[in-house]
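Novice:
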Amino acid sequence: VRDCLNTEELVGKLVTTPCSFEVLDQKTGQPTRKVDDELLKEVFFSCHRDTIKTGTIVHKVIVRFLGREYSQSKEKTTKLKLLPGFLCRFLVDVSTWVFRPLDPKVVEDKEESDLLQTLKKRTAEELEEILAK
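Take any residue in the sequence shown, note its place counting from 1, add 4, and you have its number in this note's numbering.
In structure tokens, the structure reads:
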């Protein structure tokens, strides 16, 4: 959850701005409900903002943000899919449904870019320990 709002028109309601993760079909770029082990482990990062009611947030999830070094290594990715949680290797531009490597340099908003850089750094530190085992 990124921001919490409590405005006059929403008296008595707390509204949050989440970071959104969706499972997308890589061929069509559209959201999918297809049940497939490959898809169930991977989500895509998007920088768009939606306002949702806090009641729709079910629970915390683990998402590991991977850079190119993990995206290009099938061996590393296979090991990571055995861990609990989700993998995020791509940024999706929701206006054109184009997938890009998860790179803070392609994000125009400085705040979003900094967030993405921090998340990738934390993930890299955690994964060094996990993959060394």
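Glycine included, each C-beta is placed from N, C-alpha and C at the ideal position. Just so we're clear, the structure is a prediction, and the values are computed from it rather than from any experiment.
For S117 and S50, what's the separation of their Cα atoms in angstroms?
Specialist: For the purposes of this step, residue 117 is identified with residue 113 of the sequence shown, where counting begins at 1. For the purposes of this step, residue 50 is identified with residue 46 of the sequence shown, where counting begins at 1. Approximately 12 Å, taken between the alpha carbons.
Novice: Excluding the 5 residues preceding and the 5 following P88 in the sequence, name in chain order all residues of the same chain whose CB lies nearer than 8 Å to its CB.
Specialist: Position 84 of the sequence shown, counted from the start, is the residue given in the question as residue 88. Around P88: I66.
Novice: How far does the alpha helix (DSSP H) with S117 in it extend, from its first residue to its last?
Specialist: Within the sequence shown, the letter at position 113 stands for residue 117. From DSSP, the alpha helix (DSSP H) with S117 extends over K114 to A136.
Novice: Which partner residues of V98 appear in the DSSP bridge assignment?
Specialist: For the purposes of this step, residue 98 is taken as residue 94 along the sequence shown, with counting starting at 1. DSSP lists no partner for V98.
Novice: Keeping to the same chain, check which residues put their C-beta closer than 7 Å to that of L135; ignore five residues upstream and five downstream.
Specialist: Here residue 135 refers to the residue found at position 131 when the sequence shown is read from its first residue. Cβ within range, chain order: K80 and K83.
Novice: Quick check on L211: does DSSP put it in helix, strand or coil?
Specialist: An answer regarding residue 211 cannot be provided, because it is not within the stretch 5 to 137 covered by the chain.
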